[in-house]
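**Student:**
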Amino acid sequence: MMTATTSLPPDGPGPAQIARYKRLCTDAAALGVTVITGEPLAHHTTFRIGGPADLYAAVNDGSQLVRIAALAATHAIPMTILGGGSNVLVSDAGIAGLVIANQTRNIREHVTGPVLAGHLPQVVADSGVTLAGLARWTVRAGWSGLEWAVSVPGTVGGAVIGNAGAHGGDIAGNLAWAQVSYGGQAPCALTPADLAFAYRSSALKCLLADEGIGGGGGCPIVVAVGFHLTRGDVAAMTARADTFLAHRRASQPVAPSAGSIFRNPPGDHAGRLVEAVGLKGHRIGGAQISPRHANFIINTGDALAANVLDLIELMRARVYQQFGLTLIPEILFLGRWATRPPFGPLYT
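First residue of the sequence shown: 6, per our numbering; consecutive thereafter.
Right under this line is the structure:
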């Protein structure tokens, strides 16, 4: 998943910022981290949309993740954590500062600590592990509780920030604790109460929203997550997981998308509302409201972020006009937005 970024002017960094970029690259090399310039982020998002990152670095362990984030904070460089690249729309103009690709992949069980308020997890996963991959791993290992997640895109870190859920389950129902670093500081362990989970939200997501599309040096970074799980029958769990996977294949598009665009309003479904106002299948440029599920926007091959944003605004406007409801998106808007600022992460 991701944090938000501090936006720079659309024409890119100035001389002072470039000097800071060079110092960061030198310091990162000393940590064994290679930083590259101009990496196309369309290669790293499930939408297959997004302009270049000023700086881009991939990390594969939690210590590296925290240390490179600390370097960004030290050099006053905007920072974005990108996990699986789902649930985000990256600007066509790209992202200012440093994009850190979180490729931490470790999963471990029978953990002995930390114990927080009696919360001892059965399984701990790095934040860069895919949520669906973790769910499959736990099923094979005989741990029950995450079967609902076998079809959910994104990483464990992003799932915590957005309280991901499906089929009646969610992260809040399984989390023991999350280790979180603020701007590269030493990670602290947060309990479910600390995280203040709500429907598709958490205290971490609200913090990102309060800072705008601009986390800066203090934005939260999920490093690792402990889960409460119980022993279960592998055959029965596999059958449940297969049912959830079959439902996803039957009901959701296979074309590139960010996942669900909007949260479901209380007592209703965003897809039903968008379909009811006649927009299912509507297209702007290369972006289309999915003919299969109207709460998804798909990239038909050449979509721009601007096309997607136009569709989102149209969907919200039509639903509000007909039903008086304001749809709230699940996705985050990252990067430089030159002609107009997008709605904030929570559409507040």
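Cβ atoms here follow ideal geometry from the backbone N, Cα and C, with glycine treated the same way.
This one's a predicted model, so the numbers in the text were calculated from it and none came from an experiment.
Report buried or exposed for Ile-54, applying the criterion of at least 16 other Cβ atoms within 10 angstroms of its Cβ.
**Tutor:** Per the 10 Å Cβ criterion, buried.
**Student:** For the alpha helix (DSSP H) that Trp-142 lies in, which residues bound it at each end?
**Tutor:** 136 to 146
**Student:** Could you check if Val-129 is buried or exposed, using at least 16 other CB atoms within 10 Å of its CB as the buried criterion?
**Tutor:** With 16 or more other Cβ atoms inside 10 Å of its own Cβ, Val-129 counts as buried.
**Student:** If contacts are defined as beta-carbon pairs under 8 Å, then Leu-212 and Pro-225 qualify, I think. What distance do you get, rounded to the angstrom?
**Tutor:** 6 Å
**Student:** Which of the three DSSP states is assigned to Asp-59 in this structure?
**Tutor:** strand
**Student:** Please look up how many angstroms separate the CB atoms of Leu-332 and Ile-100, rounded, as I've assumed it's under 8 Å.
**Tutor:** With a Cβ gap of about 25 Å, Leu-332 and Ile-100 do not count as contacting.
**Student:** So, do the region 84 to 100 and the region 44 to 58 have three or more beta carbon pairs nearer to each other than 8 Å?
**Tutor:** yes
**Student:** By how many angstroms is the C-alpha of Leu-103 removed from the C-alpha of Val-313?
**Tutor:** 24 Å
**Student:** Report the rounded CA-to-CA distance for Val-64 versus Gly-133, giving the unit in angstroms.
**Tutor:** 9 Å
**Student:** Answer yes if the region 257 to 268 comes into contact with the region 290 to 302, meaning at least three C-beta pairs across the two stretches below 8 Å, and no otherwise.
**Tutor:** yes
**Student:** Have a look at Arg-323 and Val-279 and give me their C-alpha separation to the nearest angstrom.
**Tutor:** Cα to Cα, Arg-323 sits roughly 8 Å from Val-279.
**Student:** Which value, in whole angstroms, describes the spacing of the CA atoms of Met-320 and Ala-146?
**Tutor:** If I take the Cα positions, the gap works out to 43 Å.
**Student:** CA-CA distance, Asn-111 and Gly-67?
**Tutor:** 9 Å
**Student:** Return the residue from the list Pro-158, Thr-143, Pro-197 that minimises the CA-CA distance to Arg-254.
**Tutor:** Pro-158
**Student:** For Lys-210, count the other beta carbons within 10 Å of its own beta carbon; 16 or more makes it buried, fewer makes it exposed. Which is it?
**Tutor:** Buried.
**Student:** Let me know the secondary structure DSSP gives Ile-325 once reduced to three states.
**Tutor:** Correcting the residue identity first, residue 325 is Tyr in this sequence and not Ile. Three-state DSSP puts Tyr-325 in a helix.
**Student:** Look at the alpha carbon of Gly-358 and the alpha carbon of Val-155, and state the distance between them as a whole number of angstroms.
**Tutor:** What the structure shows of the chain is the stretch from 6 to 353, and residue 358 is not part of that stretch, so it cannot be assessed.
**Student:** If you follow the beta strand (DSSP E) that Ile-73 is in, where does it begin and where does it stop?
**Tutor:** Looking at the DSSP string, Ile-73 is not in any beta strand (DSSP E); the run it does join, the alpha helix (DSSP H), is 67 to 79.
**Student:** Given the structure, does Ser-207 come close to the ligand GTP, in the sense that its CB is under 8 Å from one of the ligand's heavy atoms?
**Tutor:** The model on display carries no ligand, and the ligand GTP is accordingly not part of it.
**Student:** Only counting the same chain, and skipping five residues up and downstream in sequence, which positions put a Cβ closer than 7 Å to that of Val-38?
**Tutor:** Ala-62, Val-64, Gln-69, Ile-73
**Student:** To the nearest angstrom, report how far apart Ala-281 and Gln-293 are at their CA atoms.
**Tutor:** 16 Å
**Student:** The beta strand (DSSP E) with Gln-22 in it runs from where to where?
**Tutor:** The continuous stretches of beta strand (DSSP E) do not include Gln-22, which lies in the alpha helix (DSSP H) extending over residues 20 to 35.
**Student:** With a threshold of 16 other CB atoms inside 10 Å of the CB of Arg-341, please say whether the residue is buried or exposed.
**Tutor:** Label assigned to Arg-341: buried.
**Student:** Exposed or buried, Gln-22, counting other C-beta atoms within 10 Å across all chains shown (16 or more means buried)?
**Tutor:** buried
**Student:** By how many angstroms is the C-alpha of Asp-238 removed from the C-alpha of Glu-318?
**Tutor:** Near 46 Å, if we compare the C-alpha coordinates of Asp-238 and Glu-318.
**Student:** Could you check whether the region 175 to 191 touches the region 159 to 166, counting it as contact only if at least three pairs of C-beta atoms, one from each stretch, sit closer than 8 Å?
**Tutor:** Of all C-beta pairs linking the region 175 to 191 to the region 159 to 166, three or more are shorter than 8 Å, placing the two stretches in contact.
**Student:** Expressed to the nearest angstrom, what Euclidean distance is found between the alpha-carbon atoms of Leu-250 and Val-161?
**Tutor:** One C-alpha to the other measures close to 18 Å.
**Student:** Relative to the alpha-carbon of Leu-330, which residue among Ala-77, Asn-269, Ser-186 has its alpha-carbon at the smallest distance?
**Tutor:** Asn-269
**Student:** Over what stretch of residues does the alpha helix (DSSP H) that includes Arg-205 continue unbroken?
**Tutor:** Here Arg-205 belongs to no alpha helix (DSSP H), and DSSP marks it neither H nor E.
**Student:** What is the residue span of the beta strand (DSSP E) that Ser-186 lies within?
**Tutor:** 180 to 187
**Student:** Might you give, ordered along the chain, the residues of its own chain that have their beta carbon closer than 6 Å to the beta carbon of Ala-275, omitting 5 neighbours on each side?
**Tutor:** Phe-267, Asn-269, Asn-300, Leu-332
**Student:** For Ser-262, does the three-state DSSP call read helix, strand or coil?
**Tutor:** In this structure, DSSP gives Ser-262 an extended state, which the three-state scheme calls strand.
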